[in-house]
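Number of protein chains: 2
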Amino acid sequence: MNSVISEGGYSLVFNMLSMGIAAMLFTTIFLFMAKDRVLPRYRMAVMISATVTGIAAYHYFRMFESFEHAYGPDAIEGYVYNVGYRYVDWFLTVPLLLVETVAVLGLARAMQTSLLVRLVPAAALMIGLGYPGDAQLDIMGIPPSVWGLLSTIPFLYILYVLFVELGKSLERQSAAVQRKVKELRLLLLATWGVYPIAFIANMNAVGFEESSFVLRETGYTIADILAKCLFGLVIFTIARIKSMEDDAEFAKHEVRD
Amino acid sequence: MNSVISEGGYSLVFNMLSMGIAAMLFTTIFLFMAKDRVLPRYRMAVMISATVTGIAAYHYFRMFESFEHAYGPDAIEGYVYNVGYRYVDWFLTVPLLLVETVAVLGLARAMQTSLLVRLVPAAALMIGLGYPGDAQLDIMGIPPSVWGLLSTIPFLYILYVLFVELGKSLERQSAAVQRKVKELRLLLLATWGVYPIAFIANMNAVGFEESSFVLRETGYTIADILAKCLFGLVIFTIARIKSMEDDAEFAKHEVRD
């Protein structure tokens with residue numbers, strides 16, 4: 001059976017998913033085109049940012065299609081909207097988001113490795129534990145809310161690494177870069193904070209409750225656009241600032257005094 | 258129920274939307290290819306212009322599809338043309354249009370930031386307030402015309418910033434650039450002025466009146482092509498002029514005397 005969705009709710013989620021496609025796709029194209037506006041040493045971070053939004057663009061196309069199959073004018077009888085797309089997307093992109101954050105700082109290789117070997121597995125674990133809860137799967141008799149709770153443990157560990165461990169290595173950066181990295185962390189905290197809220201909103205839906213579904217999809221989409229597109233553009237800005245700090249000749253070409 | 262549309266009206270909107278796709282898509286490709294014909298310091302403005310028309314190209318594809326679902330030979334029973342695409346498009350592109358305008362001038366960083374922190378939120382507010390009016394939504398019991406009226410407040414503020422505040426910083430530009438920037442502002446005023454007219458045309462339609470719908474879609478499309486494609490090409494021209502003014506060697510490579 002297809003769950004019922006109101007016209008307003010349908011329209012809102014539909015337009016949000018379409019905005020997701022547009023935002024992700026054109027951030028990707030922009031970042032790939034703009035990568036030469038930073039020094040070679042920072043281009044990897046920009047290209048990883050573009051890869052993240054590119055992967056997300058693909059998944060937003062799929063989610064849009066899945067949403068249409070479930071609730072559109074030509075809905076398929078018995079089709080269920082696939083929340084799995086979001087988790088596959090996050091499983092691939094969230095570790096990459098942490099890689100781009102570390103990569104743009106141009107840290108010593110040992111420091112970079114030490115941060116990534118802790119951040120990347122923690123991110124994968126966080127997403128992996130969240131999925132059974134959000135998809136309302138009954139695995140090993142563990143209730144959905146417990147999966148949600150378990151996934152906050154790696155989330156808190158990631159925050160610890162970013163705010164405490166990474167904080168120590170920020171001292172060697174310029175004031176302008178420090179300010180931007182702090183903005184980046186706050187953006188991460190604010191946007192990642194939306195996911196558990198949307199997750200909990202969905203928890204309240206016993207079976208299916210339209211407002212919870214609409215709230216979850218809207219929340220996830222706004223959070224995704226901020227956490228990937230805006231985040232990627234801040235990464236690009238940091239790469240620009242650091243490029244100009246590193247190389248006066250480059251700075252002269254890139255901005256007019 | 259699908260509203261009825263005459264053969265002439267259908268044909269006009271259909272061809273306008275298709276022209277929108279062609280104009281947006283190829284302005285995007287042209288600008289991305291042509292970005293190396295300006296100095297690195299002006300490329301960001303050209304790339305943002307290409308991003309704007311790219312986002313619009315995506316939305317014109319979607320609108321074309323939505324129009325076909327609503328009025329085409331294979332129209333879907335009960336499907337309503339989604340005006341939301343235009344608003345999502347403007348929500349993303351109008352702030353970017355203002356960013357490209359400021360970016361191409363190569364102003365001092367502080368001046369640039371000061372202009373953008375006022376222009377970008379005002380643009381987002383303008384679009385956000387316009388949507389409930391145009392979609393004829395009844396939100397908090399506020400009638401559509403009032404939403405339209407409210408959205409003119411940030412519109413007037415944007416004009417004030419562009420004509421008064423930005424005007425002051427134009428004095429340091431060459432005569433040729435000043436002339437082009439004035440053209441740019443007039444283009445903006447003339448094309449943005451079409452939107453409220455098309456909005457009002459639609460207001461008159463109680464429920465659905467075909468002429469109003471056709472007028473609105475035609476007006477929005479013409480205004481969009483001028484405000485994004487022509488606007489982006491004028492931005493490119495300014496970037497060319499400034500590049501040659503800045504660097505005689507570059508000028509020698511780019512034009513034959």
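Order-wise, the sequence lines are chains A and B.
Numbering-wise, the first sequence is residues 1 to 257 according to this note's numbering.
Numbering-wise, the second sequence is residues 258 to 514 according to this note's numbering.
Backbone N, C-alpha and C fix where the C-beta goes; we use that ideal spot for every residue, glycine too.
Beta-carbon spacing of residue i, residue j below 7 Å
i: B/V295; j: B/S500; result: yes
i: A/E210; j: A/G9; result: yes
i: A/F67; j: A/L17; result: yes
i: B/A380; j: B/V403; result: no
i: B/A280; j: B/I482; result: yes
i: B/K485; j: B/T308; result: no
i: A/L31; j: A/G232; result: yes
i: B/F348; j: B/G405; result: no
i: A/L119; j: A/L98; result: yes
i: A/H69; j: A/Y85; result: no
i: A/I21; j: A/F61; result: yes
i: B/S431; j: B/E357; result: no
i: B/C442; j: B/L419; result: Per the sequence presented here, residue 442 of chain B reads as Arg, with Cys not at that position. Yes, the pair counts as a contact, with Cβ atoms nearer than the cut-off.
i: A/A57; j: A/L25; result: yes
i: B/Y328; j: B/I415; result: no
i: A/E272; j: B/R298; result: Given a span of 1 to 257 for chain A in the structure shown, any question on residue 272 of chain A remains unanswerable.
Chain-ordered neighbours of residue i on chain A, where CB pairs are closer than 7 Å
i: B/I333; result: P73, D74
i: B/I312; result: A22, F26
i: B/R319; result: S18
i: B/Y336; result: P73
Residue i: contacting residues in chain B (beta-carbon distance under 7 Å)
i: A/E254; result: P297, R298
i: A/F30; result: M304, T308
i: A/S11; result: G341
i: A/M33; result: F289, M304
Limits of the alpha helix (DSSP H) - the one that residue i falls within
i: B/Q369; result: 366 to 391
i: A/Y81; result: Looking at the DSSP string, A/Y81 is not in any alpha helix (DSSP H), and its letter there is neither H nor E.
i: A/S151; result: 144 to 160
i: B/D481; result: 467 to 481
i: B/I305; result: 297 to 328
i: A/I31; result: Inspection of the sequence shows that residue 31 of chain A is occupied by Leu rather than by Ile. Per DSSP, A/L31 belongs to the alpha helix (DSSP H) from 7 to 34.
i: B/I492; result: 488 to 503
i: A/R179; result: 175 to 192
i: A/G167; result: 166 to 169
Integer Cβ distance of residue i from residue j, believed to fall under 8 Å
i: A/D36; j: A/H59; result: About 27 Å separates the two Cβ atoms, so there is no contact after all.
i: A/I55; j: A/A103; result: 17 Å between Cβ atoms; not a contact.
i: B/F493; j: B/A291; result: 6 Å
i: B/P400; j: B/M383; result: Their Cβ separation, rounded to whole angstroms, is 19 Å, which puts B/P400 and B/M383 out of contact at 8 Å.
i: A/V177; j: A/I238; result: 6 Å
i: A/Y195; j: A/Y160; result: The pair is not a contact, with the Cβ atoms about 18 Å apart (cut-off 8 Å).
i: B/D391; j: B/N459; result: 6 Å
i: A/P73; j: B/I333; result: 5 Å
i: B/L372; j: B/L423; result: 7 Å
i: A/V234; j: A/E183; result: 6 Å
Contact set between residue i and chain A, taken where Cβ atoms lie within less than 8 Å
i: B/V377; result: In chain order: nothing, as chain A lies at least about 12 Å away.
i: B/L419; result: Result: empty, since nearest Cβ-Cβ is about 21 Å, beyond 8 Å.
Chain B contact residues for residue i, given Cβ-Cβ distances below 8 Å
i: A/R37; result: P297, R300, M301
i: A/M244; result: The contacting residues do not exist; A/M244 stays about 11 Å from chain B at best.
Neighbour list for residue i in chain A, Cβ cutoff strictly below 9 Å
i: B/L398; result: For the record, residue 398 of chain B in the displayed sequence is Gly; it is not Leu. Those within 9 Å of B/G398 in chain A number zero; the least Cβ separation is about 15 Å.
i: B/Y342; result: N15, S18
i: B/G363; result: V255, R256
CB contact below 7 Å: residue i versus chain D
i: B/Y315; result: Although the question refers to chain D, the structure presented lacks it and instead comprises the protein chains A and B.
### Positions along the region 344 to 361 of chain B whose CB lies within less than 7 Å of some CB in chain A
V345, L349
### Query
Closer than 8 Å, Cβ to any Cβ of chain B: which residues of the region 212 to 230 of chain A, in chain order?
none
### Where the region 400 to 418 of chain B meets chain A: residues whose CB sits under 9 Å from a CB there
none
### Query
Which residues, taken in chain order from the region 441 to 453 of chain B, show a beta carbon closer than 9 Å to some beta carbon of chain A?
none
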